[in-house]
Amino acid sequence: MAADTMSTVASIITQTLVYSTPLVFTALGGTFSERGGIVNVGLEGIMVMGAFSSVVFNITYAGVFGVWTPWIALLVGGIVGMIFSLLHAVATINLRADHIISGTVINLMAPALSIFLVKVLYGKGQTDQVPQTFGYWEIPGLSKIPVIGPLLFEKTSAPAFVAILVSIIAWFVIYKTRFGLRLRSVGENPQAADTLGINVYGMKYAGVLISGFLGGIGGAVFAQTIAGRFAVTTISGQGFISMAAMIFGKWNPLGAMGAALFFGFAQNLSIVGDSIPFISSIPKVYLQSAPYALTIIVLVLFLGKATGPKAGGKTYIKSK
Amino acid sequence: MSNFKFSKMNGILVPILSVIMGFVLGAIIMLIFGYNPVQGYQAMLTTAFQSPKSIGEIFVTAGPLIFTALGFSVASAAGFFNIGLSGQALAGWVASIWVGLSMGDSPRLIALTAAILAGVIAGALTAAIPGLLRAYFGTSEVIVTIMMNYILLYTSTHIVNNVIPQKFISTKGTTKLVGANVSLRTEFLTSISNGSRLNLGIIFALIFLILIWFLMKKTTLGYEITAVGLNPFASEYAGMSSKRIIVLSMVISGALAGMGGVVYGLGTFGNFFVQGNSLSIGFDGMAVSLLGGGSSIGILLSALLFSILKLGGQGMPILAGVPTELVDVVIASIIFFVGISYLIKLILTKLETKKDTKASKVEGGKA
Chain A
1 MAADTMSTVA SIITQTLVYS TPLVFTALGG TFSERGGIVN VGLEGIMVMG
51 AFSSVVFNIT YAGVFGVWTP WIALLVGGIV GMIFSLLHAV ATINLRADHI
101 ISGTVINLMA PALSIFLVKV LYGKGQTDQV PQTFGYWEIP GLSKIPVIGP
151 LLFEKTSAPA FVAILVSIIA WFVIYKTRFG LRLRSVGENP QAADTLGINV
201 YGMKYAGVLI SGFLGGIGGA VFAQTIAGRF AVTTISGQGF ISMAAMIFGK
251 WNPLGAMGAA LFFGFAQNLS IVGDSIPFIS SIPKVYLQSA PYALTIIVLV
301 LFLGKATGPK AGGKTYIKSK
Chain B
1 MSNFKFSKMN GILVPILSVI MGFVLGAIIM LIFGYNPVQG YQAMLTTAFQ
51 SPKSIGEIFV TAGPLIFTAL GFSVASAAGF FNIGLSGQAL AGWVASIWVG
101 LSMGDSPRLI ALTAAILAGV IAGALTAAIP GLLRAYFGTS EVIVTIMMNY
151 ILLYTSTHIV NNVIPQKFIS TKGTTKLVGA NVSLRTEFLT SISNGSRLNL
201 GIIFALIFLI LIWFLMKKTT LGYEITAVGL NPFASEYAGM SSKRIIVLSM
251 VISGALAGMG GVVYGLGTFG NFFVQGNSLS IGFDGMAVSL LGGGSSIGIL
301 LSALLFSILK LGGQGMPILA GVPTELVDVV IASIIFFVGI SYLIKLILTK
351 LETKKDTKAS KVEGGKA
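Same order as they appear, the protein sequences are chains A and B.
Anchor point for the first sequence: position 295 equals 295 in UniProt numbering, and the numbering is continuous, going up by one each time.
Anchor point for the second sequence: position 211 equals 211 in UniProt numbering, and the numbering is continuous, going up by one each time.
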């Protein structure tokens, strides 16, 4: 009996981690972009490109790289996401485009472009299953710890631990390094930052490109752990949930990670809920809507007008 | 000719150039992947204009788009980004079908009015939530409307699967067709368009293009909405209640988006079926409004252009082997170019000054 409960809890934890990981990466990406003052509604589209490119890489090169394929595909997804985010960067930073319009274009463009390419490459509307997925990992050593070992480390998701590690690094970068201080100053008061000799445009580019890289990784993780292939519906809302996680976490990497873990848990519940006695009695619609409704409630109750970086969403025009 | 100024023409030139550049980008992509762009675009035009029926379908597609675009433009005049058009249209679609099915054989005037009102009210209510939250709590309407899109998507599925009386359901996830008493289709419109789904939706859309133009340009409310959009603090100082305007503009915006859903439901399809994703008329409507520069005539023209692109695009795989998705790439690029209109204006201004200096040089030479 106890062993049963234990394995149920362990599986809930693992699944929560699996569903959270893409959100953690993407929410961290959003944090970097918005800390530099560029609102990034396009995270969803960036995830689509990351998912698409990682799946194509996985299918093409699985024979060459074997079990390492998903990990390399992760980097490929990140790089493609970064290149794609360049569009948003150029439009908002140099060409004074409205951040929301540009982000929406990213979201409109990504599914169209990726499905176009899937049709060109494979002659059909969706790809096959990827040959290599992340699967479940046993973390050597840690899995031997009593209670915690079997719960967290015996049959778990390796990318999740990478995501948590990246969150800690992101926190360190944003709050403890010169780069982070400059990025934040650009998001808060670009004029002042400029006066101090900080390259405002350069920092903004860095923020958006990092968001593209991490968002692409987020999409790649989702495609290679949960979806297993790429279709137009593969990424449906995860980018927006990540954005919500970033806001929920008050633009702090660790907060964003915590919120993403929570949203992952909520998403996971709506999917596996049927097999858990108490939860299966709740109509699915509530579980599905929960992360979105909670975001609204949290925004209203806890954030109110205290929104993100002060100069977020505004175009900085360097006066000559 | 030397008096011609690009800058005076920006309002028209920017969208036209954006459309041209979008098509050029589409052509470049076709060339890269070994398709013939001339064949591709020819396939698009042939498909869109092949018969009276296909021309009728252009107006069928344009109807809901005009409504969602009008919805977007009213909210953005007040300074709001209503990204929730998809959800609001969806609410309008479900509500109008539900009420329409419940009306049985009631007289057409009563039944149709009730079904339309249900959809409009559903759209207005779902948009009022982000409006109220923004007005009283300062919550970002961008986030709230995006979140509401998903909540409404799941709610609509739930309603159709679990709430609507079973007698209205045809197969799981799909309702029965509404009766002729609540349909927006008429025998006359069907017959002139050779059996297309042409319906009263486009007529309503044209009426509302004029009504909204009148509301925004000729009424106090329209003036207040624009004033709040330009500067909420100044308008508050001038005695307008910006909170009231915020909520009102969102309600009008949602009502229009809801009407888009009504036209989609009672006109285009006649029933509701469970959606897997946010309604495309929401995001396309936003794009139509941006391209149309928020003006009525602009919205009409760009809605027709989008319909031609969308419908014509369906013929591209068959006639030219080009995947339909290319059309969406072209649409997204058009909006991108509208978004970076600063660049276009910059180039136009550069061209203009170049021309001016050239002209003055020539004149100088003469003298």
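For glycine and all other residues, C-beta sits at the position ideal for the given N, C-alpha and C.
Using a Cβ distance threshold of 8 Å, A/W251 and A/P190 do not count as a contacting pair. Flagged as an interface residue toward chain A: B/V142, by a C-beta distance shorter than 8 Å. Counted as a single uninterrupted DSSP element, the alpha helix (DSSP H) harbouring B/I116 occupies residues 108–137.
A residue is called buried when at least 16 other Cβ atoms come within 10 angstroms of its Cβ; A/N107 meets this threshold and is buried.
By the Cβ-count criterion, A/V67 is exposed, with fewer than 16 other Cβ atoms from all chains shown falling within 10 Å of its own Cβ. Here B/G84 is buried. Its C-beta has 16 or more other C-beta atoms within 10 Å. Among the bridge pairs identified by DSSP, B/I169 is matched with B/T175. With a 10 Å radius around the Cβ and a threshold of 16 neighbouring Cβ atoms, A/M6 comes out exposed. For A/Q288, the C-beta contacts it makes with chain B under 7 Å involve Y154, in order along the chain. For the region 298–361 of chain B, the full-length alpha helix (DSSP H) segments reaching 4 residues or more read 316–320, 325–339 along the chain.
A distance below 6 Å between beta-carbons, with the five flanking residues on each side excluded, links A/G313 to the following residues of its chain, in chain order: V39, H99.
Not one beta carbon of chain B lies nearer than 8 Å to the beta carbon of A/R184.
In the three-state reduction of the DSSP assignment, A/T156 falls in the strand class. Straight across, the Cα-Cα distance linking B/I12 with B/S289 is about 14 Å. Under the 8 Å criterion on CB atoms, B/I299 is classed as non-interfacial with respect to chain A.
Taking C-beta atoms as the reference points, B/A62 and B/S249 fail to come closer than 8 Å. Of the candidates A/G149, A/A170, A/M49, A/F153, the residue whose Cα lies closest to the Cα of A/P253 is A/A170. The three-state secondary structure of B/R244, taken from DSSP, is helix. Judged by beta-carbon spacing, A/G77 lies beyond the 8 Å limit of A/H88, meaning their Cβ atoms are not closer than that value. Taking each of B/Y41, B/R134, B/N161 in turn and checking the Cα distance to A/L301, the smallest one comes out for B/R134. According to the DSSP secondary-structure assignment, B/W98 is paired through a beta bridge with no residue. B/F33 carries a coil assignment under DSSP once its states are collapsed to helix, strand and coil. Look at B/D328: its C-beta is under 8 Å from a C-beta on chain A.
Of the candidates B/K350, B/I129, B/T68, B/T68 places its Cα closest to the Cα of B/S302.
Look at B/N181 here: in three-state DSSP terms it is coil, with no helix or strand label. Under DSSP, B/N199 takes part in a beta bridge, and its partners are B/R185. Of all residues in the region 229–256 of chain A, the ones placed with a Cβ closer than 9 Å to any Cβ belonging to chain B are V232, T233, S236, G237, F240, I241, M243, A244, I247, in chain order.
Bounds of the alpha helix (DSSP H) holding A/E44 are 43–65.
Looking at B/A227, B/S278, B/V251, the one whose alpha-carbon comes closest to that of B/M240 is B/A227. The C-beta of B/I318 has fewer than 16 other C-beta atoms within 10 Å across all chains shown, which makes the residue exposed. Inclusion of A/G29 and A/L17 in the CB contact set at 8 Å is not warranted, their separation being larger than that value. Under the Cβ criterion (8 Å, minimum of three pairs), the region 144–157 of chain B counts as touching the region 276–296 of chain A. For A/M49, no Cβ of chain B is located within less than 8 Å of the residue's own Cβ.
For A/W71, the enclosing alpha helix (DSSP H) begins and ends at 69–89. Within the region 90–102 of chain A, contact with chain B at the beta-carbon level (separation under 7 Å) is assigned to A91, L95, R96, A97, D98, I100, I101, S102. A/L151 is the residue among A/M203, A/V105, A/L151, A/I59 whose C-alpha sits nearest the C-alpha of A/V9.
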